[in-house]
Amino acid sequence: MSQPQAVVYIVEDDEAVRSSLALLLSLQGLRTMVFASAEQFLQTFRAELPGCLVLDLRMHGMSGLDLLAELQRRGASLPVIVITAHGDVANTRASFKFGAVDFFEKPVDQDALVAAIRAALDRDAEQRRVEEEEAVLTRRLELLSGREREVLDLVATGLHNREIAAQLDISPRTVEVYKARLMDKLGVRRLPDLIRLALRRGSKAATRGA
Numbered sequence: 340m341s342q343p344q345a346v347v348y349i350v351e352d353d354e355a356v357r358s359s360l361a362l363l364l365s366l367q368g369l370r371t372m373v374f375a376s377a378e379q380f381l382q383t384f385r386a387e388l389p390g391c392l393v394l395d396l397r398m399h400g401m402s403g404l405d406l407l408a409e410l411q412r413r414g415a416s417l418p419v420i421v422i423t424a425h426g427d428v429a430n431t432r433a434s435f436k437f438g439a440v441d442f443f444e445k446p447v448d449q450d451a452l453v454a455a456i457r458a459a460l461d462r463d464a465e466q467r468r469v470e471e472e473e474a475v476l477t478r479r480l481e482l483l484s485g486r487e488r489e490v491l492d493l494v495a496t497g498l499h500n501r502e503i504a505a506q507l508d509i510s511p512r513t514v515e516v517y518k519a520r521l522m523d524k525l526g527v528r529r530l531p532d533l534i535r536l537a538l539r540r541g542s543k544a545a546t547r548g549a
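Residue 521 in the working numbering is what sits at position 182 of the sequence shown, and the numbering runs on without skipping anything.
This is how it looks when you write it as structure tokens:
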């Protein structure tokens, strides 16, 4: 199944600025959706769709900072680039505090803005790739038996087959069988890849327990 094309969402209440930004980005081959208010954007926004957000700060109704705070509250990872005519220290600091990845004062340098948008789209794509990898790993880990998880955890500690066998009161040959099963279920072909996944599992478990 093909992935949906990334969208650059433009939230700007100045129609002239909104239209010029959409034209600029479309000429760069980027897909855009424009919104005259933060409220209108929230009615359409779906966190599962790839893209980034170009956001004005001062707008009628819900402000850009309010929208940033709402996206943060929802746990949305959409990269946000702020553009504003009010680029004081307080607004800059607040924007980054609420998760913005870049900040531009109007009038915006078009080349710099396009470069920042492409970087934001790359960032979003990488984040989604990592999240999908984690989801696949989680699903595969759920297929493991209790004993297979024990072997995997001991592999992560760097123990050899004989040491794992002694810990679990099984034979080294049985440990080899469990390793082969683990590699098959986790979709890896080499022992170093199995060790890497075992370490990731241990790291995630430690993070949840912290």
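Built from N, CA and C at the ideal position, the CB exists for glycine as well.
Within a Cβ cutoff of 6 Å, which residues of the same chain sit near residue i, ignoring the five residues on either side of it in sequence?
i, result
"V346", "R370, M372, G390"
"A537", "L491, V494, A495"
"A474", "none"
"L417", "L392"
"R486", "none"
"L525", "R479, L536"
"S434", "V421, F442"
State the start and end residues of the unbroken beta strand (DSSP E) segment that holds residue i.
i, result
"R370", "370-374"
"V447", "Segment: none, V447 is in no beta strand (DSSP E) and carries neither H nor E."
Please work out which residues of its chain come closer than 7 Å, Cβ to Cβ, to residue i, disregarding the five sequence neighbours upstream and downstream, and give them in chain order.
i, result
"R501", "P511"
"N430", "L396, T423"
"L388", "P343, V346"
In the DSSP output, what is residue i paired with across the bridge?
i, result
"D395", "I422"
"D441", "I420"
"G390", "V346"
In terms of residues, what are the limits of the alpha helix (DSSP H) holding residue i?
i, result
"D523", "511-525"
"G403", "403-412"
"Q506", "500-507"
"T431", "428-436"
"F380", "377-383"
"R357", "354-366"
"R486", "485-495"
According to the Cβ coordinates, are residue i and residue j closer than 8 Å?
i, j, result
"L407", "V419", "yes"
"R357", "A377", "no"
"R412", "A386", "no"
"E351", "L360", "yes"
"D459", "V440", "The question names Asp, but residue 459 is Ala in the sequence shown. Cβ distance < 8 Å, so A459 and V440 count as in contact."
"F442", "L452", "no"
"L530", "L521", "no"
"I503", "V516", "no"
"L366", "Q449", "no"
I'd like the list of long-range same chain contacts for residue i, defined as Cβ closer than 8 Å, with 5 residues on each side in sequence excluded.
i, result
"V447", "I422"
"Q506", "L493, L498"
"Q466", "S416"
Check: For the stretch 458-484, which segments carrying the beta strand (DSSP E) assignment without a break, of at least 3 residues, lie completely within its bounds, in sequence order?
Finding: Within the stretch 458-484, no complete beta strand (DSSP E) run reaches 3 residues.
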